[in-house]
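Notes for the one structure printed next.
Number of protein chains: 2
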Amino acid sequence: MSTLREIADRLGVSTATVSRVLNDKPGVSQKTRERVLTLAQELQYRPNLAARSLATSSTKTVLFLVHRRQFSAAEDPFYPFIMHGLEEALKDDGYNVMLVTLDDAQLAAGPANLRVLQEQRADALVMAGPDISPKFILAASILGLTTLLVDNALRESPFTSVQPQNEEGAHTSTAHLIETHNHTRIVLMRGPQGWASSDERTAGYLSAIHAAGLEPFIVEMEDTTTETGEEAAKQTFKEFPETTGIVAVNDAMAIGAMRALGRMGRRIPKDVAVVGFDDISWASYANPPLTTVAIPTVEMGRLAGRLLLEQMNGSISATTRVRVATQLAIRQSCGCDDELAPAE
Amino acid sequence: MSTLREIADRLGVSTATVSRVLNDKPGVSQKTRERVLTLAQELQYRPNLAARSLATSSTKTVLFLVHRRQFSAAEDPFYPFIMHGLEEALKDDGYNVMLVTLDDAQLAAGPANLRVLQEQRADALVMAGPDISPKFILAASILGLTTLLVDNALRESPFTSVQPQNEEGAHTSTAHLIETHNHTRIVLMRGPQGWASSDERTAGYLSAIHAAGLEPFIVEMEDTTTETGEEAAKQTFKEFPETTGIVAVNDAMAIGAMRALGRMGRRIPKDVAVVGFDDISWASYANPPLTTVAIPTVEMGRLAGRLLLEQMNGSISATTRVRVATQLAIRQSCGCDDELAPAE
DNA sequence: TTGAAAGCGCTACCAG
DNA sequence: CTGGTAGCGCTTTCAA
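Sequence order for the protein chains is G and P.
Quick note, the first sequence lines up with residues 219 to 562 if you use my numbering.
Quick note, the second sequence lines up with residues 219 to 562 if you use my numbering.
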């Protein structure tokens with residue numbers, strides 16, 4: 219590996235000059251500039267990042283923080299795609315992304331206790347998912363790093379954030395059940411209050427229900443897994459026996475509900491239509507294929523990356539809340555036919 | 219953030235002494251050692267990694283390389299779990315993991331062209347998946363970094379690698395079809411020759427077939443997606459109309475095949491039994507739930523991390539091929555009943 | 001337009 | 001057992 223010094227020596231100039239050229243700083247004659255550039259090119263020179271970091275205290279790395287529960291087998295991986303998009307958007311600017319999974323203890327201990335931060339290894343923090351507590355986020359924000367939230371946001375505090383259009387998405391899927399399939403008794407299966415995405419999707423459901431002059435029915439669970447989805451299905455027909463449509467705040471719940479429905483002898487979508495949210499990888503392999511709201515995960519990551527860059531170079535204010543559009547993925551669980559319907 | 223110098227000054231000792239203590243090096247009196255440790259503790263001191271890297275040229279970061287196609291929506295994410303396990307195993311030793319997704323151009327250009335490597339940002343390379351070409355791997359191995367392969371290995375060259383027990387897994391699932399369900403005409407759907415896991419699973423299929431004195435039937439596709447699985451199903455009944463069992467080298471193919479089978483009017487598992495490999499997250503939501511071979515992905519990542527550490531501190535030879543045990547996940551597509559059978 | 005030199009924070013060698 | 005000091009490779013004043 220060649221160094222700055224080497225280039226300087228071979229050209230008979232100082233390292234200061236070479237550094238200026240390589241960093242596009244003014245005060246170097248066109249002629250020397252070209253000589254330096256040529257030799258650097260020829261030598262395949264790249265600055266040693268450790269050295270540059272030490273001198274500038276900029277590390278060119280961003281941390282992707284996510285709760286480790288997101289990597290349990292039960293969860294459909296959502297954040298890896300975001301991380302991928304993030305990495306893609308950042309790499310051209312020389313930034314790299316480090317994965318940091320947090321367990322509950324680390325979350326409770328706060329960001330200042332993270333070794334990777336204590337060692338000053340990062341310039342920025344991308345915190346993904348509602349699993350990361352407001353307390354943690356707030357504590358992180360005073361650490362002096364550029365901070366961005368993905369699939370999460372704090373109501374009270376200003377943070378740059380990238381989220382799916384949860385409300386619009388749920389409105390659309392609910393309206394689909396109402397307008398296209400003429401349902402009037404539609405239950406919402408949701409997670410705990412305070413979970414941003416769950417709250418917002420609830421709002422979308424409500425706005426569609428109210429716009430149609432219908433009555434809302436809500437089943438609130440303490441989690442949004444396939445298991446709680448199954449539980450929610452039972453509860454639904456106990457509380458609201460005339461239900462013909464179900465809107466679940468995510469696909470896991472929707473699929474759990476479909477399982478339970480099957481066991482209860484109810485046909486989907488004939489007896490009850492189901493729509494989910496997320497469009498996780500197996501939504502189209504559910505039985506029947508699940509109609510759901512697709513989130514452009516990789517694109518969300520890319521967008522987060524772009525925003526982060528702008529934030530770091532100061533071209534946008536520290537608080538930019540961005541929403542990315544979702545799309546209704548119509549399959550069969552809502553009552554529509556799709557082109558892949560098995561010829562049974 | 220406090221520095222080494224600060225500790226030294228406040229204690230009236232040299233930075234050399236403090237450094238020795240903090241790095242557990244000999245040549246410091248018990249008394250000073252304790253004074254240093256105490257103050258360091260009190261100050262929450264952590265060495266600045268950029269400075270340490272510059273001095274030692276050890277970066278405490280490992281790169282997780284994976285082909286970007288693994289993050290396309292079509293693929294079931296497999297490597298993020300491995301990455302998570304890797305990160306977990308490494309974090310206690312102060313190592314962090316960076317994600318690097320490679321596109322075809324980067325793969326062709328070789329590792330030496332990766333900016334992250336040119337900038338000397340990493341100590342080690344974990345290359346995941348058979349998408350990474352032998353040429354790339356070989357080129358990487360001469361870069362002087364510790365190198366490890368996951369879910370891949372080179373026949374000809376010695377590399378530390380962590381792979382699932384592909385052969386044993388496929389043997390077990392094939393034998394299950396033979397012994398438990400009495401199938402005698404079992405087709406293998408496989409991917410291209412040269413793909414390590416596909417080859418090995420083929421070997422497992424063959425050994426089970428031969429052990430039972432049966433005749434092998436193989437359909438070889440140029441890829442292992444749901445699409446090629448559908449195609450393979452059609453081809454299967456064109457070539458081997460009496461097939462009653464299908465072993466697919468992965469779940470994507472198996473699920474694709476099940477789709478096509480459904481459309482062809484064949485009942486699963488009544489007319490034809492199907493088993494997959496991988497136990498991707500939606501295998502249990504397939505219709506019917508897919509019997510498959512489960513791979514402990516997170517554990518594979520952890521193991522890779524441990525091996526990497528041992529390799530870096532020289533306690534194991536550079537070539538240790540490790541296999542992790544798989545487990546047959548019995549559901550319904552093979553003909554077994556599972557406890558969650560819908561009451562239809 | 002250029003160079004000398006101080007430093008970023010740490011490690012490691014050489015004396016004492 | 002301890003301290004002084006020379007780097008690691010780069011950036012950034014300050015002078016020239």
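All residues carry an ideal CB built from backbone N, CA and C; glycine is no exception.
Given a cut-off of 7 Å on the beta-carbon distance, is the pair residue i and residue j in contact?
{"i": "residue 504 (chain P)", "j": "residue 547 (chain P)", "result": "no"}
{"i": "residue 335 (chain G)", "j": "residue 329 (chain G)", "result": "yes"}
{"i": "residue 402 (chain P)", "j": "residue 432 (chain P)", "result": "yes"}
{"i": "residue 478 (chain P)", "j": "residue 451 (chain P)", "result": "yes"}
{"i": "residue 300 (chain G)", "j": "residue 340 (chain G)", "result": "no"}
{"i": "residue 491 (chain P)", "j": "residue 447 (chain P)", "result": "no"}
{"i": "residue 501 (chain P)", "j": "residue 515 (chain P)", "result": "no"}
{"i": "residue 318 (chain P)", "j": "residue 272 (chain P)", "result": "no"}
{"i": "residue 378 (chain G)", "j": "residue 529 (chain G)", "result": "yes"}
{"i": "residue 506 (chain G)", "j": "residue 535 (chain G)", "result": "no"}
{"i": "residue 261 (chain G)", "j": "residue 220 (chain G)", "result": "yes"}
{"i": "residue 295 (chain G)", "j": "residue 382 (chain P)", "result": "no"}
{"i": "residue 236 (chain P)", "j": "residue 222 (chain P)", "result": "yes"}
{"i": "residue 370 (chain G)", "j": "residue 307 (chain G)", "result": "no"}
{"i": "residue 537 (chain G)", "j": "residue 376 (chain G)", "result": "yes"}
{"i": "residue 442 (chain G)", "j": "residue 405 (chain G)", "result": "no"}
{"i": "residue 343 (chain G)", "j": "residue 358 (chain G)", "result": "yes"}
{"i": "residue 410 (chain P)", "j": "residue 440 (chain P)", "result": "yes"}
Restricting to Cα atoms, I'd like to know which of the options is closest to residue i.
{"i": "residue 313 (chain G)", "options": "G:280, G:384 and G:323", "result": "G:280"}
{"i": "residue 264 (chain G)", "options": "P:225, P:484, P:368 and P:338", "result": "P:338"}
{"i": "residue 532 (chain G)", "options": "G:363, G:448, G:480 and G:386", "result": "G:363"}
{"i": "residue 543 (chain G)", "options": "G:388, G:234 and G:315", "result": "G:388"}
{"i": "residue 591 (chain G)", "options": "G:499, G:226, G:508 and G:380", "result": "Since the first residue shown for chain G is 219 and the last is 562, residue 591 (chain G) is missing from the structure and cannot be characterised."}
{"i": "residue 435 (chain P)", "options": "P:429, P:424 and P:441", "result": "P:424"}
{"i": "residue 470 (chain G)", "options": "P:499, P:464, P:470 and P:490", "result": "P:499"}
{"i": "residue 554 (chain G)", "options": "G:460, G:443, G:493 and G:271", "result": "G:493"}
{"i": "residue 224 (chain G)", "options": "G:524, G:266, G:244 and G:248", "result": "G:266"}
{"i": "residue 276 (chain P)", "options": "G:268, G:273 and G:481", "result": "G:268"}
{"i": "residue 421 (chain P)", "options": "P:396, P:384, P:457 and P:377", "result": "P:384"}
{"i": "residue 456 (chain G)", "options": "G:472, G:442, G:437 and G:441", "result": "G:437"}
{"i": "residue 322 (chain P)", "options": "P:541, P:332 and P:487", "result": "P:332"}
{"i": "residue 449 (chain G)", "options": "G:472, G:396, G:286 and G:395", "result": "G:472"}
{"i": "residue 274 (chain G)", "options": "G:428, G:327, G:397 and G:241", "result": "G:241"}
{"i": "residue 545 (chain P)", "options": "P:497, P:524, P:305 and P:520", "result": "P:497"}
{"i": "residue 579 (chain G)", "options": "G:399, G:488, G:386 and G:429", "result": "Within the shown structure, residues of chain G are numbered from 219 to 562, placing residue 579 (chain G) beyond reach of any answer."}
{"i": "residue 309 (chain P)", "options": "G:305, G:324, G:259 and G:309", "result": "G:324"}
{"i": "residue 427 (chain G)", "options": "G:445, G:453, G:395 and G:412", "result": "G:395"}
Between which two residues does the beta strand (DSSP E) carrying residue i extend?
{"i": "residue 512 (chain G)", "result": "510-512"}
{"i": "residue 545 (chain G)", "result": "545-547"}
{"i": "residue 438 (chain G)", "result": "435-438"}
{"i": "residue 491 (chain P)", "result": "491-493"}
{"i": "residue 466 (chain P)", "result": "463-466"}
{"i": "residue 407 (chain P)", "result": "404-408"}
{"i": "residue 484 (chain P)", "result": "No beta strand (DSSP E) holds residue 484 (chain P); DSSP gives it neither H nor E."}
Note the first and the last residue of the continuous alpha helix (DSSP H) segment covering residue i.
{"i": "residue 382 (chain P)", "result": "From DSSP, residue 382 (chain P) is part of no alpha helix (DSSP H) but of the beta strand (DSSP E) over 378-382."}
{"i": "residue 428 (chain P)", "result": "414-429"}
{"i": "residue 519 (chain G)", "result": "515-530"}
{"i": "residue 301 (chain P)", "result": "297-309"}
{"i": "residue 446 (chain G)", "result": "444-457"}
{"i": "residue 223 (chain P)", "result": "222-229"}
List the whole-angstrom C-beta distance separating residue i from residue j, where the pair is believed to meet the contact cut-off of C-beta under 8 Å.
{"i": "residue 495 (chain G)", "j": "residue 466 (chain G)", "result": "7 Å"}
{"i": "residue 372 (chain P)", "j": "residue 355 (chain P)", "result": "6 Å"}
{"i": "residue 229 (chain G)", "j": "residue 251 (chain G)", "result": "Not really, about 11 Å apart at Cβ, beyond 8 Å."}
{"i": "residue 303 (chain P)", "j": "residue 518 (chain P)", "result": "6 Å"}
{"i": "residue 527 (chain G)", "j": "residue 311 (chain G)", "result": "6 Å"}
{"i": "residue 298 (chain P)", "j": "residue 298 (chain G)", "result": "4 Å"}
(message) In chain order, what are the residue ranges of uninterrupted alpha helix (DSSP H) at least 4 long that sit wholly in the stretch 231-297 of chain P?
(response) 233-240, 248-261 and 267-274
(request) Pick out the complete beta strand (DSSP E) segments inside the stretch 314-373 of chain G, 3 residues or longer, and give them in chain order. (result) 314-320, 342-346 and 364-368
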